[in-house]
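Residue numbers (our numbering): 35 to 440. Glycine residues also receive a C-beta, built at the ideal position from the N, C-alpha and C atoms. The structure appears below as C-alpha cells.
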Amino acid sequence: MTGFRISRGVRQVAGEHGIGPGRLDAGLRALVIDPIPGDAERLQRLIATSDPESTCAVAGTLDEGMAEAGAPDVVFLDDSLPGDAVLRAIEALLDASPRCAIILTLTQGDEALATSALLRGAVDYIPKRRLSEGAVRRMLKVGTQTALMRWKIEQQREELTTFANVLVHDFRAPIIQVSCMAELLAESLRDGDTEATLKELAMLQKSARQMAELVDSLSALLRSDQASRLETVTADALNDRAMTALARTIAQADAVIEIAPAPYEITCNPPQIAQLLQNLLANSIKFSCGVRPHVRVSVVQDGADHLRFSVSDNGIGVPARFQDAIFEPFRRLRPSDDIPGSGLGLATCKKIVERHGGTIWCMAQESKPVEGSNPGTTICFRLPRHLAPAEQAQAAQGLASGRRSG
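Put into C-alpha cells, the structure is as follows:
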C-alpha cells in the first residue's frame, strides 16, 4: 500500500498553524499505519463513522504516514511492523508531534509488545478482533484527552524547572543588594548620618519592590494556566477593559493611544485577553524611552474564523534576532536598572494566547508610527473567533496550544 487515502464523506481540513490535539479550527485528524490494506481500510471506516468531522489518512509505513499526514492528533499503529520498528515508530511520532495519541492495534496479540509500547508513550492498545465503532469512539476520546494531559504535565514540568533555575539566578542579585543596603543602613544609623540613611533606605525599598514585582509577575504567569470561563464579547469591550485598567499609567506618561473600532465578536476569557492587551500597552508605554508614547491598537478579521490584534508603538524596538526570544520567561533585552520589570510580561501574553488556541509574534515596524527617533515595535496575536462547546471546554482547561514564529 502506498500513499494517502481519505475516506469518502470525511471532511479534509488543511491545518494552517500546525496539527495536534487542542486545535480549535479543524476536526480530529487521524492516521492509520498498517501494511495490511484491508485492515487499514476497515479501521478507517470505523473512525469515519465514530467521528464524522474527522479526517483520516492511511499509510502502509511510518515514513509514508509522516510525509503525508504531518502531525496527527491520533495514530493507530499496527504491531506487525518488523523487528523493533513499532517502538521506534512511537518515538518518531512523539518527536514529531508530542501531543499525539498513539494507539497500538494488535494483530498477533503480543501483550509484551503492548506493555513496551505503553512505556514508550502509547496511550492504549487493542486487539484487532475487538475493534468496533464503540471501541474506536472511546479510544478517540480518551486517547486524545490522555495525550493532551500527558503533554500538559510535561510542559509544566519543564516550565517549573526553568522557573526554578531562573528564579535562583534572578533573586540572587536583589538579595545581595538588600543585604548590602541593610549593612550600610546600619552603619549610617550608628553614625547618625541622616542623609546617607535616607538614601540607603530608598535603595533598600527599590530592591524590595523589584523582588515583589518578580513574584507578582510569576504569580500572574502561573494563574494563566487555571481553568476559566469563556464568554462571547466584542473586541471593543476587551480594548475598553485594558484601557480602564491602565488609565492612570496612560495619564502619567501623557501617552497617546489610538484604538480603531472593533465590533467583532470573539469567544474567549475576557479578563485574560484584557490582561494580555494591558501588558502589551504597558510595555509600549514603558519602552518609549525619551519620546512621548504613541500606541496604535487595531483588530481585523483574519480569514473567516479568526481575529488578528496588533499593538504598534514608537518605542525602542526589538532587534530581529530577539523577536522570538522576547516571549521566553525572564528574557530581558535591557538591564532592569535601565527599565524596571521582571521579564515575565510577554511570557504571560504568550501563555494566554496559546491557552486560547492562538499565536503571537513580534515584527519590526515597516514605517515609524509617529515622529521620533525610535524604530518602534508591533506585537500581533491571532485568535479563533468562535469555539464549539467541546473546544471551549478544552480551551478553558488550558489545553489549547499553538505557535507561530511570525
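In this structure, Val-157 sits away from Ser-84, with a CB-CB distance that is not shorter than 7 Å. Under the DSSP assignment, Arg-154 falls in the alpha helix (DSSP H) whose first and last residues are 145-154. The beta carbon of Arg-191 lies closer than 8 Å to none in the same chain, with the five residues before and after it left out.
Proximity to Gly-177 across Arg-355, Arg-133, Ile-187, Asp-73 peaks at Arg-133, based on C-alpha coordinates. Judged by DSSP in its simplified three-state form, Phe-110 adopts strand. If you ignore the 5 residues before and after Leu-235, its C-beta comes within less than 7 Å of the C-beta of Leu-219, all in its own chain and listed in chain order.
The beta carbons of Thr-139 and Asp-112 sit closer together than 7 Å.
A straight-line Cα-Cα distance of about 11 Å links Val-331 and Gln-312. Remark: C-beta atoms of Arg-79 and Pro-106 do not approach each other more closely than 7 Å. Taking the CA atoms as reference points, Gly-324 sits about 38 Å from Thr-301.
Taking 4 residues as the minimum length, the alpha helix (DSSP H) runs contained wholly in the stretch 291-328 are 304-320, in order along the chain.
Spanning the alpha carbons of Pro-305 and Asp-274 requires a straight line of approximately 11 Å. With 16 or more neighbouring CB atoms inside 10 Å of its own CB, Tyr-159 falls in the buried class. Sequence-distant Cβ neighbours of Ile-137 in its own chain, meaning closer than 6 Å and more than five residues away, are Phe-110, Asp-158, Met-173, Gly-177.
Nearest to Ser-241 by C-alpha distance, out of Glu-229, Leu-223, Val-267, Cys-214, is Cys-214. Scanning the stretch 335-360 for uninterrupted beta strand (DSSP E) segments of 3 residues or longer gives 340-347, listed from N- to C-terminal end.
In the structure shown, Ala-91 falls within a strand segment according to DSSP collapsed to helix, strand and coil. Straight through space, the alpha carbons of Ser-322 and Ala-230 are spaced by roughly 33 Å. In the structure shown, Ser-131 falls within a coil segment according to DSSP collapsed to helix, strand and coil.
Spatial neighbours of Val-66 in its own chain (CB-CB distance under 6 Å, excluding positions within 5 residues in sequence) are listed in chain order as Ala-74, Leu-77, Gln-78, Val-92, Phe-110. Where Ala-82 is concerned, the enclosing alpha helix (DSSP H) starts and stops at 71-84. The bridge partners DSSP lists for Ser-332 are Ser-344.
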